[in-house]
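Before any comments, here is the structure.
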Amino acid sequence: MAKVIALANQKGGVGKTTTAINLAASLALLGKKVLLLDADPQANATSGLGFDINLEGIYECLSGVKEPQEVILASPDVKNLWILPSSIDLVAADTELPKLENAHRVMKRIVDSVREKYDYIFIDCSPSLGYTTVNILTAADSVLIPVQCEYLALEGLSKLLNTIRKVKSGLNPALEIEGFLLTMYMRNRLNNQVVNEVREHFGPMAYDTVIQRNIRLGEAPSHGKPIMLYDASATGSENYLNLAREFLKRNRKKAKA
Ligand code: ADP
Ligand code: MG
């Protein structure tokens, strides 16, 4: 049964999608069966893995006209990696979802219906704490939170953590924080300060692995490839493979505990 991990942060541009694509691909390359569910109407994860952003996907599943199995596609480049695509139609979800029967658990129903086929399911959230994101947090086992190394990085996180707390106290008591991931790190005083702050604040919940700023990571999506296939020797490739190993190690520890 897959573990379901949401990538969330209502701040845009912090590395959610980049992490979704490259952590999912790294785990697949390490032999895990991984589904990436694109739940952002911008469909950056869909296009970043080389798929058309006009395909039927998560919106059709949420509306009940398609079953996930009918729209999930295998990555042509990475064995063990699948995508449930998104499209711009998903912008309607925040207003349409609440009207559905058992509205809070629509995403959960979809995710649960394919759980047994994968080891991990990653859900790439849009930069919002709206209804769809809460639906995703209700469907997830844990939340992975990318934090960009920049001034005021911690600002806004309390809002996200509050939302997580609310979901945990009501709709999904089992929800956990998977980890905090520092992204777009550059070796300078400000960035080091942010790294230290995050480590002080969140302790071992912050990953040891830090994702460095790397131009190749920004280029790879326009080639429709994860970084390991676009430029295996890039720092970004090494960073995300290391993250995948740390992720697996932590999950093995949790499983034993
Ligand atoms: P989000 O999904 O949180 O909005 P993205 O993953 O789309 O953020 O990242 C925002 C932008 O920054 C994208 O153009 C992406 O290619 C770029 N980017 C993300 N991580 C890195 C990195 N480590 N180094 C360089 N560019 C990055
Ligand atoms: Mg994104």
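Residues -9 to 247, numbered by the numbering used here, are exactly what the sequence shown covers, in order. The beta-carbon is built from N, C-alpha and C at its ideal position, and this holds for glycine as well.
Residue from the options whose Cα sits closest to the Cα of residue i
i	options	result
Tyr175	Thr36, Glu86 and Asn229	Asn229
Ile11	Lys239, Asn241 and Gly208	Gly208
Glu236	Lys22, Thr199, Asn204 and Leu119	Thr199
Leu27	Ile(-5), Gly40 and Leu20	Ile(-5)
Gly47	Ile62, Asn34 and Gly40	Ile62
Pro13	Leu144, Arg189 and Leu134	Reading the sequence as shown, one finds Leu at residue 13 and not Pro. Leu13 has its Cα closest to that of Leu134, out of Leu144, Arg189 and Leu134.
Thr123	Tyr108, Val104, Asp109 and Val81	Val81
Trp72	Tyr108, Asp102 and Ser223	Tyr108
Pro151	Asp102, Phe192 and Ser16	The sequence as given places Leu at residue 151; Pro does not occur at that position. Out of Asp102, Phe192 and Ser16, Phe192 has the C-alpha closest to the C-alpha of Leu151.
Whole-angstrom distance between residue j and residue i, CA atom to CA atom
i	j	result
Gly2	Glu106	31 Å
Gly169	Ile111	16 Å
Lys69	Pro88	36 Å
Thr8	Ser76	16 Å
Ser65	Ile167	28 Å
Ala245	Glu57	31 Å
Tyr197	Lys6	15 Å
Pro194	Glu86	39 Å
Phe41	His213	11 Å
Thr278	Cys115	No answer is possible for residue 278: the residues shown for the chain start at -9 and end at 247.
Asp221	Leu39	14 Å
Val185	Leu90	42 Å
Ala33	His94	22 Å
Ile100	Asn178	44 Å
Asn44	Ile78	8 Å
Glu50	Tyr121	17 Å
Glu145	Asn(-1)	11 Å
Asn182	Ala224	22 Å
Ala143	Ile201	15 Å
Buried/exposed call for residue i, threshold 16 Cβ in 10 Å
i	result
Tyr141	exposed
Gly54	exposed
Pro136	buried
Met(-9)	exposed
Gln138	buried
Asn92	exposed
Ala164	exposed
Glu190	exposed
Leu180	exposed
Ala247	exposed
Residues bridged to residue i (per DSSP)
i	result
Tyr110	Lys(-7) and Val24
Val137	Leu172
Ser132	Ile(-5) and Glu166
Ala29	Cys115
Gln59	Per DSSP, none; premise fails for Gln59.
Ile73	Leu26 and Leu63
Asn0	The sequence shown places Gln at residue 0, rather than the Asn named in the question. Per DSSP, none; premise fails for Gln0.
*Considering only residues of the region 149 to 199, which uninterrupted beta strand (DSSP E) runs meet the minimum length of 3 residues and lie entirely inside it, listed in chain order?*
If we require 3 residues or more, the beta strand (DSSP E) runs fully inside the region 149 to 199 come out as 166 to 173.
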